[in-house]
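In our numbering, the protein residues as written are 5 to 634. Glycine included, each C-beta is placed from N, C-alpha and C at the ideal position. Written below as structure tokens is the structure these notes are about.
Take a look at the structure:
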């Protein structure tokens, strides 16, 4: 319903994030999230920046609304402010950056300056509507991030810390949320950016910018914290590249970077001389110096984030903290904030990166433009476990079955199915697990997951090389029954969104030899160090998901069945995809991924597919995927 005299029976808002990376759409009604999804899941192009046409269609279908029934369409940042930043930056660095200027400015003049028209044109491809009836609104980038965290949190008031690469001008902000209002108290401005600093090392170590940062985080524990090289790297970073202030603000030495006006992140020759190390190519071997450098920048990042958090506490006096922005996905840094007891309570937006901007933008407008009051459930956030994407009916699954001539078993009793699969996992089988609504954000949380036995010493290698087709060093996360968190992990709070790192409990650890840190990378990787070897990183840490019976009863039930068999209420949980591909969305996506890998079983709702029972004569040309660079 439309507003009448500032009163509305219902307010429907469509949030959009696109044209940079990780496009998404979200639809909220009266502050409740009806649907939220990333465009990559439909297009099958990872991190796509394209207008989220398919995501918007899904949101509208899920809500039962037409475009004309929306009260507002909201974009997650202010393009004119971003354009201002580009112009001022090029002016400040002139004549440096001429080639970059000539490349980017025409794009802005031809496309991004006329963003409202682009949004209208994109929506008109979905359905006709009277554009005069729709408000188009543009909150600032970091306000969208802050809103995505605070307005979905269970807090009535909270400090808010947002950290990413760059929005319009801001690269980080400290805010205070109270009731239905957010005030940004301080911010850090471009070109000084924690996110861009971390991304520069992502590039230098051979991983893809805006995609491989989590690989860098996963590589860091392979570094030797006691080695002289690691300590020297930390010293070099802090002396040459970044000056860290007491409040966590930073100054980056732009003599070493090229992202402000150039076409690359860094000045490679200067970095080569600085670290006595060549830029690693993606296909190059990973050596100990790469691991040590990854650990060094991770430690520096943790120091910055910790100081920002302390300062946020000082200026807000709040007992609560909300985190968002791409750097909030650094679960190691998050775990450190928790461990240091700076705040009594911490909430991290599970879609903390730009994908979550569509959600934050919509919520910001709902509360701060339409001035709606918040309804807060104590100890419960509004993300619904992030299960905000599509679900698929039995009819749709059967359509896929006919298309690919699948062989399956159907279970009317899900409890029997769960016990059967738990048994297979306990015997070393790998299972693709597809249930109900798809997760929003970068983590698979039990509805689009690949599952395995964490006790299996060879499972990490098997999953990486034969299932995910990626680097063998990549770690895997444990999903643990919420009630048993402290039995397995030194973690002071629940971690429903797999955004906190905790250490393995001492009773699960195994003794290491005195020369452990002197062993080669892969000797350490395959050395048995824990009773739950496959989810225990080299530094005895783990990125934990705590699973609630209320939020996801099916996944909780499966883990509980596994516990009855093995005595351990923990499973390996990794995203249901292969290298270079987005997480699967549909039953067809799931079956293709299953057939392309060495997974043993696939479960789609009540259907079970065994690999060795699938028809050999199937037309595999319909299934085979050429794996992409990740």
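Asked                                                                                                                            : Found
CB contact flag (residue 470, residue 601, <8 Å)                                                                                 : yes
Chain-order list of residues whose beta-carbon lies under 7 Å from that of residue 3 (same chain, five-residue window excluded)  : Beyond the ends of the chain as shown, which are 5 and 634, falls residue 3; an answer cannot be given.
Same chain only: Cβ atoms within 8 Å of residue 70, ignoring 5 sequence neighbours per side                                      : 64, 131 and 133
Residue 489 burial status per 10 Å Cβ neighbour count (16 or more: buried)                                                       : buried
Straight-line gap, residue 87 to residue 264 (C-alpha atoms, nearest Å)                                                          : Here residue 87 scores only 48 on pLDDT, less than 50, and its place in the model should not be relied on; the value that follows carries that caveat. Between residue 87 and residue 264, the C-alpha separation is close to 13 Å.
Residue 166 in three-state terms, based on DSSP                                                                                  : strand
C-alpha gap between residue 91 and residue 24, whole angstroms                                                                   : Per-residue confidence for residue 91 stands at a pLDDT of 49, beneath the threshold of 50, marking its modelled position as unreliable; the derived number appears in the next sentence. Distance between the alpha carbons of residue 91 and residue 24: 18 Å.
Short Cβ contact (8 Å threshold) for residue 51 with residue 328                                                                 : no
Simplified DSSP assignment, three categories, for residue 560                                                                    : helix
Residue burial classification, residue 106 (beta-carbon count within 10 angstroms, cutoff 16)                                    : With a pLDDT of 49 at residue 106, under the threshold of 50, the modelled position of this residue cannot be trusted; read the value that follows with caution. Looking at its Cβ environment, which holds fewer than 16 other Cβ atoms inside 10 Å, residue 106 is exposed.
Helix, strand or coil at residue 656 [DSSP, three-state]                                                                         : The structure shown does not extend to residue 656, since the chain is modelled only from 5 to 634, so the question has no answer here.
Residue 578, buried or exposed, once every other Cβ within 10 Å from all chains shown has been counted against 16                : buried
Nearest-angstrom Cα separation, counted from residue 346 out to residue 317                                                      : 7 Å
Outcome for residue 604 when other beta-carbon atoms lying within 10 angstroms are tallied against a minimum of 16               : buried
For residue 41: DSSP bridge partner residues                                                                                     : 29
Backbone secondary structure at residue 142 - three-state DSSP                                                                   : coil
Beta carbon of residue 377 nearer than 8 Å to that of residue 184                                                                : yes
Beta-carbon contacts of residue 99 that lie in its chain and below 8 Å, excluding the five residues immediately before and after : Because the pLDDT at residue 99 is just 49, under 50, the model does not fix this residue reliably, and the value given afterwards should be weighed accordingly. Contacts found: none.
Alpha-carbon spacing of residue 151 relative to residue 136, whole angstroms                                                     : 27 Å
N-terminal and C-terminal residue of the beta strand (DSSP E) that residue 193 is part of                                        : 185 to 193
Best match in 580, 299, 522 and 332 for proximity to residue 449 [C-alpha to C-alpha]                                            : 580
Extent of the continuous alpha helix (DSSP H) run through residue 361                                                            : 361 to 368
N-terminal and C-terminal residue of the beta strand (DSSP E) that residue 449 is part of                                        : Element bounds for residue 449: n/a, residue is neither H nor E.
Identified DSSP bridge partners for residue 17                                                                                   : 32 and 76
Inter-stretch contact at 8 Å, needing at least 3 Cβ pairs: the segment 473 to 483 / the segment 421 to 438                       : no
Helix, strand or coil at residue 182 [DSSP, three-state]                                                                         : strand
Exposure of residue 40, with buried meaning 16 or more beta-carbon neighbours within 10 Å                                        : buried
Residue 607 - DSSP class collapsed to helix/strand/coil                                                                          : strand
CB-CB length for residue 392 against residue 32, believed under 8 Å                                                              : With 8 Å as the limit, residue 392 and residue 32 do not qualify as a contact, their Cβ atoms being about 11 Å apart.
Range of the contiguous beta strand (DSSP E) that encloses residue 549                                                           : 545 to 551
Simplified DSSP state of residue 71, which is helix, strand or coil                                                              : helix
Cα-Cα separation between residue 94 and residue 619, rounded to whole angstroms                                                  : Because residue 94 sits at a pLDDT of 44, beneath the cut-off of 50, its placement in the model cannot be relied upon, and the following sentence gives the value as read from the coordinates. Roughly 60 Å between the two C-alpha positions.
Under 8 Å between C-beta atoms of residue 421 and residue 612                                                                    : yes
Proximity of residue 456 and residue 359 at Cβ, strictly below 8 Å                                                               : no
Residues sharing a beta bridge with residue 484, DSSP                                                                            : 550 and 574
Assigned exposure category for residue 14 - 16 Cβ within 10 Å defines buried                                                     : exposed
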